[in-house]
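Asker: Protein chains in written order, with the numbering used here: chain L, 35 to 329; chain H, 35 to 329; chain D, 35 to 329; chain X, 35 to 329. We put the CB at the ideal spot given by N, CA and C, even for glycine. Quick caveat: nothing in here was measured; it's all calculated off a predicted structure. Take this structure first; my questions come after.
Number of protein chains: 4
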Amino acid sequence: MRGCWRAAAAAVGAGGGRAAGRGRFPMAKSKFEYVRDFEADDTCLPNCWIVVRLDGRNFHRFAEQHEFKKPNDDRALHLMTRCAQTVMQELEDIAIAYGQSDEYSFVFKRKSKWFKRRASKFMTHVVSQFASSYVFYWKDYFKDQQLLYPPGFDGRIVLYPSTQNLKDYLSWRQADCHINNLYNTVFWMLVQRSGLTPVQAQDRLQGTLAGDKNEILFSEFNINYNNEPLMYRKGTVLIWQKVNEVTTKKIKLPKETEEQEIEVTRTRAKVVPLHCDIIGDQFWEEYPEILAEDS
Amino acid sequence: MRGCWRAAAAAVGAGGGRAAGRGRFPMAKSKFEYVRDFEADDTCLPNCWIVVRLDGRNFHRFAEQHEFKKPNDDRALHLMTRCAQTVMQELEDIAIAYGQSDEYSFVFKRKSKWFKRRASKFMTHVVSQFASSYVFYWKDYFKDQQLLYPPGFDGRIVLYPSTQNLKDYLSWRQADCHINNLYNTVFWMLVQRSGLTPVQAQDRLQGTLAGDKNEILFSEFNINYNNEPLMYRKGTVLIWQKVNEVTTKKIKLPKETEEQEIEVTRTRAKVVPLHCDIIGDQFWEEYPEILAEDS
Amino acid sequence: MRGCWRAAAAAVGAGGGRAAGRGRFPMAKSKFEYVRDFEADDTCLPNCWIVVRLDGRNFHRFAEQHEFKKPNDDRALHLMTRCAQTVMQELEDIAIAYGQSDEYSFVFKRKSKWFKRRASKFMTHVVSQFASSYVFYWKDYFKDQQLLYPPGFDGRIVLYPSTQNLKDYLSWRQADCHINNLYNTVFWMLVQRSGLTPVQAQDRLQGTLAGDKNEILFSEFNINYNNEPLMYRKGTVLIWQKVNEVTTKKIKLPKETEEQEIEVTRTRAKVVPLHCDIIGDQFWEEYPEILAEDS
Amino acid sequence: MRGCWRAAAAAVGAGGGRAAGRGRFPMAKSKFEYVRDFEADDTCLPNCWIVVRLDGRNFHRFAEQHEFKKPNDDRALHLMTRCAQTVMQELEDIAIAYGQSDEYSFVFKRKSKWFKRRASKFMTHVVSQFASSYVFYWKDYFKDQQLLYPPGFDGRIVLYPSTQNLKDYLSWRQADCHINNLYNTVFWMLVQRSGLTPVQAQDRLQGTLAGDKNEILFSEFNINYNNEPLMYRKGTVLIWQKVNEVTTKKIKLPKETEEQEIEVTRTRAKVVPLHCDIIGDQFWEEYPEILAEDS
Chain L
35 MRGCWRAAAA AVGAGGGRAA GRGRFPMAKS KFEYVRDFEA DDTCLPNCWI VVRLDGRNFH
95 RFAEQHEFKK PNDDRALHLM TRCAQTVMQE LEDIAIAYGQ SDEYSFVFKR KSKWFKRRAS
155 KFMTHVVSQF ASSYVFYWKD YFKDQQLLYP PGFDGRIVLY PSTQNLKDYL SWRQADCHIN
215 NLYNTVFWML VQRSGLTPVQ AQDRLQGTLA GDKNEILFSE FNINYNNEPL MYRKGTVLIW
275 QKVNEVTTKK IKLPKETEEQ EIEVTRTRAK VVPLHCDIIG DQFWEEYPEI LAEDS
Chain H
35 MRGCWRAAAA AVGAGGGRAA GRGRFPMAKS KFEYVRDFEA DDTCLPNCWI VVRLDGRNFH
95 RFAEQHEFKK PNDDRALHLM TRCAQTVMQE LEDIAIAYGQ SDEYSFVFKR KSKWFKRRAS
155 KFMTHVVSQF ASSYVFYWKD YFKDQQLLYP PGFDGRIVLY PSTQNLKDYL SWRQADCHIN
215 NLYNTVFWML VQRSGLTPVQ AQDRLQGTLA GDKNEILFSE FNINYNNEPL MYRKGTVLIW
275 QKVNEVTTKK IKLPKETEEQ EIEVTRTRAK VVPLHCDIIG DQFWEEYPEI LAEDS
Chain D
35 MRGCWRAAAA AVGAGGGRAA GRGRFPMAKS KFEYVRDFEA DDTCLPNCWI VVRLDGRNFH
95 RFAEQHEFKK PNDDRALHLM TRCAQTVMQE LEDIAIAYGQ SDEYSFVFKR KSKWFKRRAS
155 KFMTHVVSQF ASSYVFYWKD YFKDQQLLYP PGFDGRIVLY PSTQNLKDYL SWRQADCHIN
215 NLYNTVFWML VQRSGLTPVQ AQDRLQGTLA GDKNEILFSE FNINYNNEPL MYRKGTVLIW
275 QKVNEVTTKK IKLPKETEEQ EIEVTRTRAK VVPLHCDIIG DQFWEEYPEI LAEDS
Chain X
35 MRGCWRAAAA AVGAGGGRAA GRGRFPMAKS KFEYVRDFEA DDTCLPNCWI VVRLDGRNFH
95 RFAEQHEFKK PNDDRALHLM TRCAQTVMQE LEDIAIAYGQ SDEYSFVFKR KSKWFKRRAS
155 KFMTHVVSQF ASSYVFYWKD YFKDQQLLYP PGFDGRIVLY PSTQNLKDYL SWRQADCHIN
215 NLYNTVFWML VQRSGLTPVQ AQDRLQGTLA GDKNEILFSE FNINYNNEPL MYRKGTVLIW
275 QKVNEVTTKK IKLPKETEEQ EIEVTRTRAK VVPLHCDIIG DQFWEEYPEI LAEDS
């Protein structure tokens, strides 16, 4: 980025300031500027869905130090979603996002030409916007809990050539959410209510199937897993939705002397969170526009 | 990252929780997990210097909205350096960093094997740690100035096969700092003191050489550019330095009944900022260990 | 490839010979073998069509020196196709090929796992097999024309995420064939029959549309371009076709003393050349199996 | 490559023919030409040595079918070298090549800008030129042995940032040559002279060290391995050497009526084969220009 608070270049147009600058130290510039040629082209293959997934760095330690509630901390999950919403609103061409635990996946439209589809741009804009938002919005969710240090996130980028591949990617993440949440729910019941040590709880669950865990929850803790909050079991899907906003405006009509109040309805796209199944077909049939080729 | 605040998996070892999990929904997992094969290997070529450079996103606007002082805002520059120090301390294998304006370059050791030299890891860890630190430390530098929104940063990665290439890269950035700062210094004098509009100031400077600008500063504003703060003219270099820390400790010596206070001197590596020329040889001769092959 | 005519390793299994070898000079090997880590992973994104296109190197000069007939030399075109057939038969997973002039494109199945989808393998196997075949089969087509020197070919690899993208690629090459052939047909008529110099012919054709060229051919040379050979106008498509081969075999039936001759019909896949339009839908409707997802 | 034996485009300049062509079917072209954007940039990092190594494909079978002499076939080795010389002469910027068995490595200068350093160009030009030369020059080496089918070769490309890395690469290949040749020499003595079966010979050599193999050769076959031909033990190094060529020319001097014969000495670079050690320093000290930075 050029221009910044060296506001001269900014005020007069960064391009001008730069171009002018170049002429001034022709020797110095020409001697070093060859190093720009070492930058590689990391353009993403056209017509593929672009997924950027981020994960918290060392969030086990981070969760302990900030006393996250186990197995799920609503404040932490809502903060993650708040950051993901900011990413979708600030960046361009994100069609859908999916989050669970300390990870979030962002899906860029397959026709996106944002930043010429450069992989480094997609990755770094996502993780930096997410990371700064995490600290910025922290206090809105962890009111009495001080943020002790700035957290880090890692990111990766993956391309999916077909829409089925992309759906399978999202299904993979949601299946992962389910498996981990079921395990963690039982595990923490055994520790928190039955007084087992973590190692004992782990041993108890060794080799159990999903049905076994459901049974433990039901018979020992009177918990029907299917009644657990959807956000825990399904994670969070972020999609764009059109909402009507009604505002009142004062205008002076022709031939009238007084201003009049009128209602103006404006349609605006908003990022909304859902906690629903995205493995089956129903979700995609309900929101066909998300993955529409020409979206 | 797996484990996070779903602390069960964490407490019992993320690996175990995962492996166990995999056995539970064999159909679901095997059906979707193929999508992992779409992730590309982005390993950096061995034995090259790895540079990650980040830039503020839309920092022209950000600087205006947060009333950065022109042409240089000390608070902003110091905050950038604070973030860069955090990056160097939190991440591994960074040998040196150089910053100016709203950009910072981080140089990883050419032998680094951090995260198997995966480009995406280098980039996203740097920018996310920098971005979260920016918000976290904001209030330490902009005391009375509220942060209005979480800023974004973009990042890129470049490899340099030889030490000379790397030095030339850093020289390129420092030459850029000089050119822009000289321009901006004169430009803002013309606007702030002579009352020119930005367009008039730009016109005035059109086609001028460095000597011309120095002359304007001296004859019209009585400013000797070479007396301007080094931080503005040279930017900021961050290097590791060994410092001795003396602490007092109470111990009970054998055959004594009372505790005694002793002084313990410990050598610790610390990130220190310098504002000096790195284009010439002197700096590299003074700190040969920075680019030592086996560093 | 290891083993080759140092036939010991070959005879006893290349792997064995190598593994044994490794233990013998542990110092020498361990000291240098690190250089293998510099080889980059060039795996192609899964689920994409892989196209390798090759072009003759300096074939303008090659054509002149070997007195190719203008505007089309049947011997040269048939030789190209013979080489392409060899490539399809010797390599794996090629679904279709298209050639014109001195270029040929080979399309590998989108699910192909040949050589782990490594780009370098696809490219080098195609061009080396093509190049050696070109010299090997030369005399079958250029009977009285000696091959003066071994020709070179260059190759490139391109991925197409969707079947429509792939069809458009092939359409692009066929449209290119048409445009060039129409131009060349008129050009050489003007030179060979009307006695224009190449520069005069070029000037004459400057700015003409397809209709103009058709008109020149018809009115001046009594040629209906649509009656020109399909191979010149459409290029050559190579596809796999099942053919029944009937062979006679002598067998001795149970309870019989004499051998009897019986006919055995075997179905075999063969590479056959077509000269037809592949831009429209008809071809793809006629041969749906070529681009079938699970092919 | 465009133009080829459709010599019109060639004669008048391929560019012209193409450019003209483009205007003619604007719809068709513009509709399909987007597929060109799918081609990836495969530029090699500047200032690195570029190595292309090729290997014969299925050369075990090829060697058997063409009755290669074991353990080394001079005809085959000389043919490989003839092809490699052709590659060095026809392509640009190859500083040195090294071959053994059915493989050859070509080292392009680290400053080479040939074909914009595109990896696919380096690889495909090398292997196609090599493959066509193999068939073309076959009869010069295998006089009475018919070539049964056109062989294939595979290729790969590797970058080396430092000259030491490159030397280590070449050392790795020469160490490999030594290990394999020693093994094969003993193995084939045991089979050919002692009448062991391949499996028996393999068992006999299982676990033996270099010294053991030397001992077997000496005590059982009266062979001093160090007296074996250098080409077998060291492989073949190809370097450029300046040679003086003296030719006679007839010229007519001013003021003379008769033509006179004069001798003209011309310095020409020629590719010459050596069979020497390249692991130690001596070779590189003798030929410092090969790896000179500015070569």
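Report the neighbours of residue 202 of chain X on chain D: residues whose CB is nearer than 8 Å to its CB, in chain order.
Answerer: For this step, residue 202 of chain X is matched to residue 168 along the fourth sequence. Going along chain D in sequence order, the residues near residue 202 of chain X (Cβ under 8 Å) are 65, 66, 68, 69.
Asker: Determine, using beta carbons only, whether residue 325 of chain D comes closer than 7 Å to chain L.
Answerer: Position 291 of the third sequence, counted from the first residue, corresponds to residue 325 of chain D. Chain L, which has no Cβ nearer than 7 Å to the Cβ of residue 325 of chain D, makes this no.
Asker: DSSP three-state call for residue 140 of chain L: helix, strand or coil?
Answerer: Mapped onto the first sequence, residue 140 of chain L falls at position 106. Correct three-state label for residue 140 of chain L: strand.
Asker: Are the CB atoms of residue 85 of chain X and residue 189 of chain X nearer to each other than 7 Å?
Answerer: Counting from 1 along the fourth sequence, the entry for residue 85 of chain X is found at position 51. Counting from 1 along the fourth sequence, the entry for residue 189 of chain X is found at position 155. Cβ atoms of residue 85 of chain X and residue 189 of chain X: not closer than 7 Å.
Asker: DSSP three-state label for residue 194 of chain D, please.
Answerer: The residue given as residue 194 of chain D occupies position 160 in the third sequence. Three-state DSSP puts residue 194 of chain D in a strand.
Asker: Return yes when the Cβ of residue 207 of chain L is within less than 7 Å of the Cβ of residue 132 of chain L, no when it is not.
Answerer: Residue mapping note: residue 132 of chain L aligns to position 98 of the first sequence, counting from 1. Residue mapping note: residue 207 of chain L aligns to position 173 of the first sequence, counting from 1. Going by C-beta atoms, residue 132 of chain L is nearer than 7 Å to residue 207 of chain L.
Asker: Should residue 72 of chain H be flagged as near chain D, meaning a C-beta pair shorter than 7 Å?
Answerer: As a position in the second sequence, residue 72 of chain H is number 38, starting the count at 1. Yes, residue 72 of chain H counts as interfacial toward chain D.
Asker: What does residue 322 of chain X touch in chain H if you count any residue whose Cβ is under 9 Å from its own?
Answerer: Indexing the fourth sequence from 1 puts residue 322 of chain X at position 288. None at all; the shortest Cβ gap to chain H is about 18 Å.
Asker: Could you have a look at residue 150 of chain X and say whether DSSP puts it in helix, strand or coil?
Answerer: In the fourth sequence, counting from the first residue as 1, residue 150 of chain X sits at position 116. In this structure, residue 150 of chain X counts as helix in the three-state DSSP scheme.
Asker: Is the segment 180-187 of chain D in contact with the segment 152-167 of chain X, if contact means three or more CB pairs nearer than 8 Å?
Answerer: With the cut-off at 8 Å, the segment 180-187 of chain D and the segment 152-167 of chain X touch.
Asker: Determine the DSSP secondary structure at residue 326 of chain D, reduced to helix, strand or coil.
Answerer: Here the question's residue 326 of chain D lines up with position 292 in the third sequence. Correct three-state label for residue 326 of chain D: coil.
Asker: So, with DSSP's three-state summary, where would you put residue 131 of chain D?
Answerer: Counting from one through the third sequence, the residue named residue 131 of chain D turns up at place 97. If DSSP states are grouped into helix, strand and coil, residue 131 of chain D belongs with the strands.
Asker: If I'm right that residue 81 of chain D touches residue 195 of chain L with Cβ under 8 Å, what's the distance once you round it to whole angstroms?
Answerer: As a first step, residue 81 of chain D must be located in the third sequence, where it is residue number 47. As a first step, residue 195 of chain L must be located in the first sequence, where it is residue number 161. Right, their Cβ atoms sit about 5 Å apart.
Asker: Go ahead and pull the three-state DSSP assignment for residue 209 of chain D.
Answerer: Within the third sequence, the letter at position 175 stands for residue 209 of chain D. The answer is helix: DSSP assigns residue 209 of chain D an H, G or I state.
Asker: Please tell me whether residue 111 of chain L has its Cβ less than 7 Å away from any Cβ of chain D.
Answerer: Residue 111 of chain L sits at position 77 when you count from the first residue of the first sequence. Residue 111 of chain L does not count as touching chain D.
Asker: Just mark residue 350 of chain H as buried or exposed, buried being the case when its beta carbon has 16 or more other beta carbons within 10 Å.
Answerer: Summary: the structure shown does not reach residue 350 of chain H, with chain H confined to residues 35 through 329, and so no result is reported for it.
Asker: Taking 7 Å as the CB-CB cut-off, is residue 151 of chain X touching chain D?
Answerer: By one-based count along the fourth sequence, residue 151 of chain X stands at place 117. No, residue 151 of chain X does not count as interfacial toward chain D.
Asker: Tell me, please, which residues DSSP counts as bridged to residue 273 of chain D.
Answerer: Within the third sequence, residue 273 of chain D is the residue found at index 239, counting from 1. BP columns for residue 273 of chain D point to D:130, D:306.
Asker: Compare the C-beta of residue 184 of chain D with all C-beta atoms of chain H and state if any pair is closer than 7 Å.
Answerer: Sequence index remark: in the third sequence, residue 184 of chain D carries index 150 (1-based). It does not; no Cβ of chain H falls within 7 Å.
Asker: Note down, in chain order, each residue of its chain lying with its Cβ closer than 8 Å to the Cβ of residue 58 of chain H, except the 5 sequence neighbours on either side.
Answerer: Indexing the second sequence from 1 puts residue 58 of chain H at position 24. Caution is warranted here: a pLDDT of 39 is assigned to residue 58 of chain H, below 50, making its placement in the model unreliable, and the coordinate value is therefore given only provisionally. If we look at residue 58 of chain H and ignore the five residues flanking it on each side, it has no Cβ neighbours.
Asker: What's the gap between the Cα of residue 76 of chain L and the Cα of residue 306 of chain X?
Answerer: Counting from one through the first sequence, the residue named residue 76 of chain L turns up at place 42. Counting from one through the fourth sequence, the residue named residue 306 of chain X turns up at place 272. Near 41 Å, if we compare the C-alpha coordinates of residue 306 of chain X and residue 76 of chain L.
Asker: Rounded C-beta distance between residue 239 of chain X and residue 217 of chain X? I'm assuming under 8 Å.
Answerer: Reading the fourth sequence from its first residue, position 205 is the one you call residue 239 of chain X. Reading the fourth sequence from its first residue, position 183 is the one you call residue 217 of chain X. Rounded, the Cβ-Cβ distance is 7 Å, consistent with contact.
Asker: Can you name the residues that DSSP bridges to residue 75 of chain X?
Answerer: In the fourth sequence, residue 75 of chain X corresponds to position 41, counting from 1. Beta-bridge pairing links residue 75 of chain X to no other residue.
Asker: Anything in the segment 228-252 of chain X with a Cβ closer than 9 Å to a Cβ of chain L? List those residues in chain order, please.
Answerer: The residues in question: there are none.
Asker: For residue 80 of chain X, go through chain L and note every residue whose CB falls closer than 7 Å to its CB, in chain order.
Answerer: Locating residue 80 of chain X in the fourth sequence gives position 46, counting from the first residue. Correct list: 71, 72.
Asker: Would you decide whether residue 154 of chain X is buried or exposed? Buried here means 16 or more other CB atoms lie within 10 Å of its CB.
Answerer: By 1-based counting over the fourth sequence, the position of residue 154 of chain X is 120. When all chains shown are included, residue 154 of chain X counts as buried.
Asker: Do residue 205 of chain D and residue 66 of chain X have their C-beta atoms within less than 7 Å of each other?
Answerer: As a working mapping, residue 205 of chain D is identified with position 171 in the third sequence. As a working mapping, residue 66 of chain X is identified with position 32 in the fourth sequence. Yes, they are a contact pair.
Asker: Alpha carbon to alpha carbon, how far is residue 118 of chain X from residue 323 of chain L?
Answerer: For this step, residue 118 of chain X is matched to residue 84 along the fourth sequence. For this step, residue 323 of chain L is matched to residue 289 along the first sequence. Computed Cα separation, rounded: 57 Å.
Asker: Helix or strand or just coil, what does DSSP make of residue 278 of chain H?
Answerer: Taking the first residue of the second sequence as 1, we reach residue 278 of chain H at position 244. Residue state, collapsed to three classes: strand.
Asker: On the criterion of 16 or more Cβ atoms from any shown chain inside 10 Å, does residue 285 of chain H qualify as buried, or is it exposed?
Answerer: Here the question's residue 285 of chain H lines up with position 251 in the second sequence. Exposed.
Asker: Please check if any C-beta of chain X sits within less than 7 Å of the C-beta of residue 154 of chain H.
Answerer: Residue numbering aside, residue 154 of chain H sits at position 120 when the second sequence is read from its first letter. No, no contact with chain X.
Asker: Are the segment 272-283 of chain L and the segment 292-310 of chain L in contact at 8 Å, needing three or more beta carbon pairs?
Answerer: These segments touch.
Asker: Would you say residue 127 of chain L faces chain X, with C-beta separation under 7 Å as the test?
Answerer: For the purposes of this step, residue 127 of chain L is identified with residue 93 of the first sequence, where counting begins at 1. No, its Cβ sits nowhere closer than 7 Å to a Cβ of chain X.
Asker: Going along chain H in order, which residues have a C-beta closer than 9 Å to the C-beta of residue 307 of chain X?
Answerer: Start at 1 with the first residue of the fourth sequence, and residue 307 of chain X comes out as number 273. The contacting residues do not exist; residue 307 of chain X stays about 30 Å from chain H at best.
Asker: Would you mind telling me which residues of chain L sit closer than 7 Å to residue 193 of chain D, beta carbon to beta carbon, in chain order?
Answerer: Taking the third sequence and counting its residues from 1, the one referred to as residue 193 of chain D is at position 159. 79, listed in chain order.
Asker: Counting only beta-carbon atoms, is residue 161 of chain X nearer than 7 Å to chain D?
Answerer: Along the fourth sequence, read from residue 1 onward, the residue named residue 161 of chain X stands at position 127. Judged by the 7 Å Cβ criterion, residue 161 of chain X is in contact with chain D.
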